[in-house]
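**Student:**
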Amino acid sequence: MSDPLAVTLGPLTLNNPILTASGTFGYGLEFTDFVDLAAIGGLCTKGLSLKPHAGNAPPRICETPAGMLNAIGLQNVGVEAFVSEKLPKLRACGATVIANVWGDLEDDYVTVVRALEGADGIAAVELNISCPNVRQGGMLFGNSPPLTRALVAKVRAATRRPLIVKLSPNAPDLVESARAAREAGADILSLVNTFVGMAIAPETARPRISFGTGGLSGPAIRPLAVRMVYQVAKALPGVPLMGIGGIAELSDVLEFLAAGATAIQVGTANFKDPGVSGRLVKELTDYCAARKTTVAALVGRAHRGGGRVGGAAGAEG
Ligand SMILES: Cc1cc2nc3c(=O)[nH]c(=O)nc-3n(C[C@H](O)[C@H](O)[C@H](O)COP(=O)(O)O)c2cc1C
0 MSDPLAVTLG PLTLNNPILT ASGTFGYGLE FTDFVDLAAI GGLCTKGLSL
50 KPHAGNAPPR ICETPAGMLN AIGLQNVGVE AFVSEKLPKL RACGATVIAN
100 VWGDLEDDYV TVVRALEGAD GIAAVELNIS CPNVRQGGML FGNSPPLTRA
150 LVAKVRAATR RPLIVKLSPN APDLVESARA AREAGADILS LVNTFVGMAI
200 APETARPRIS FGTGGLSGPA IRPLAVRMVY QVAKALPGVP LMGIGGIAEL
250 SDVLEFLAAG ATAIQVGTAN FKDPGVSGRL VKELTDYCAA RKTTVAALVG
300 RAHRGGGRVG GAAGAEG
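Reading the sequence shown from the start, the letters are residues 0 to 316 in the numbering used here.
(1) In whole angstroms, give me the CA-to-CA distance for Val34 and Ser21.
(2) In or out: Asp2 buried (at least 16 other Cβ within 10 Å) or exposed?
(3) Could you give the DSSP three-state label for Cys130: helix, strand or coil?
(4) Would you call the region 48 to 67 in contact with the region 101 to 109, where contact means no fewer than 3 C-beta pairs closer than 8 Å?
(5) Could you check whether the Cβ of Ile71 sits closer than 6 Å to any heavy atom belonging to ligand 2?
(6) Verify the contact flag: Ala20, CB atom, against every heavy atom of ligand 1, threshold strictly below 6 Å.
(7) Ignoring anything shorter than 4 residues, give me the alpha helix (DSSP H) runs that lie fully in the region 195 to 274, in order along the chain.
(8) Taking DSSP as the reference, what is the three-state secondary structure of Cys287?
(9) State yes or no: is the C-beta of Gly77 within less than 7 Å of the C-beta of Leu215?
(10) Which parts of the region 25 to 102 are runs of the alpha helix (DSSP H), unbroken and 4 residues or longer, counting only runs that do not cross its ends?
(11) Which of the three DSSP states is assigned to Leu11 in this structure?
(12) Give me the Cβ distance between Ile128 and Gly120, rounded to the nearest whole Å; I'm assuming they're in contact under 8 Å.
(13) If you run the structure through DSSP and keep just helix, strand and coil, what is Leu139?
(14) Any chance the CB of Thr23 is under 6 Å from a heavy atom of ligand 1?
(15) I'd like the span of the beta strand (DSSP E) that includes Thr19, first residue to last.
(16) Could you pull out every residue in the same chain whose Cβ sits closer than 6 Å to the Cβ of Leu11, ignoring the five residues on either side in sequence?
(17) Give me the Cα-Cα distance between Arg226 and Ala258, rounded to the nearest whole angstrom.
(18) Measuring straight from C-alpha to C-alpha, what distance separates Ile263 and Leu173?
(19) Can you give me the Cβ contacts of Ala152 inside the same chain, cut-off strictly under 8 Å, excluding the 5 residues immediately before and after it?
(20) Compare the Cα-Cα distances from Leu8 to each of Lys281, Arg303, Val298 and Gly304 and report the closest residue.
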């Protein structure tokens with residue numbers, strides 16, 4: 000039997016399906032005391048822009064029930080410093096690196112992707128068209144299928160690397176956004192980014208985060224994210240998906256695989272347990288060995304067999 004954990008998502012083959020999500024794992028190098036970067040399926044870098052970016056003013060995060068709100072505002076070192084300072088060290092660690100990219104304008108995305116094109120050691124590019132924490136760009140692209148289509152087509156023409164497009168759960172019609180990204184040339188779709196939320200301090204009646212709103216992540220969003228992966232997998236069969244949203248345990252990984260994701264990304268859980276991704280790889284290895292199965296066989300199980308899932312509206316209330 001070939002490697003039971005290896006997965007193929009279109010042009011991208013990974014040793015295993017456990018990755019870390021952008022913005023929750025630094026540039027990977029901060030986590031080497033906790034995780035063998037070569038042992039996880041891959042890591043998504045903090046979102047990279049053309050120039051270094053300071054992000055929003057503090058406070059930028061706050062805890063919420065079963066999750067957190069953040070409005071970091073895409074703070075990063077810029078693509079040049081990433082390529083010259085971080086990437087060589089990541090290569091030395093044997094990491095599978097996915098470069099997460101954002102911009103205010105279409106051309107910003109294209110310029111960053113071009114700047115990455117000559118660099119060695121990048122397995123794929125992930126476009127963040129779904130960040131709710133910046134005033135321009137980001138989520139605006141992801142919330143409009145025509146803008147998604149135009150942006151993805153332009154970036155597609157600028158890179159030969161596998162192209163992942165990260166979808167916004169805040170989009171009015173996620174399936175339409177997914178279809179637009181795919182038709183414009185995305186090889187893989189990752190979903191989901193954070194949900195726009197808000198927390199207000201009762202004593203001051205001011206938002207707890209300086210930006211006002213923030214992106215909700217963590218276990219609180221998991222059922223929403225699972226439903227979205229299931230929906231997109233059903234609407235666009237055969238399109239490789241990476242599932243994201245509140246994953247912290249092996250049972251969460253299995254849930255997303257069953258919903259139709261071929262790989263998953265661990266986000267907020269890294270803050271609670273920086274070694275969680277390595278642990279999940281071990282647990283998934285043991286799970287497959289005990290059942291003599293492969294990860295590939297676990298993908299999409301919720302779609303097989305009889306039984307309709309969800310009513311016309313999918314829920315009551
Ligand atoms: C503090 C923080 C920073 C993030 N920064 C980025 C980012 O730069 N680019 C991106 O695509 N997603 C970013 N995200 C979204 C995560 O990658 C992930 O999609 C989201 O948090 C949902 O997964 P989780 O519930 O496992 O955290 C960020 C999330 C958090 C909590």
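Yeah, the Cβ is synthetic: ideal placement off N, Cα and C, and Gly gets one too. Model, not experiment: these values are computed from the prediction.
**Tutor:** Put simply:
(1) 16 Å
(2) Counting C-beta atoms within 10 angstroms of its own C-beta, Asp2 has fewer than 16 neighbours from the protein chains shown and is therefore classed as exposed.
(3) coil
(4) yes
(5) With respect to ligand 2, the structure shown offers nothing to examine, as its ligands consist of ligand 1.
(6) yes
(7) 221 to 234, 249 to 258 and 268 to 271
(8) helix
(9) no
(10) 86 to 91
(11) strand
(12) Not confirmed; about 24 Å, so no contact.
(13) helix
(14) yes
(15) Ile17 to Thr19
(16) Ala123 and Pro161
(17) C-alpha separation (whole angstroms): 8 Å.
(18) 18 Å
(19) Ala183 and Gly184
(20) Val298
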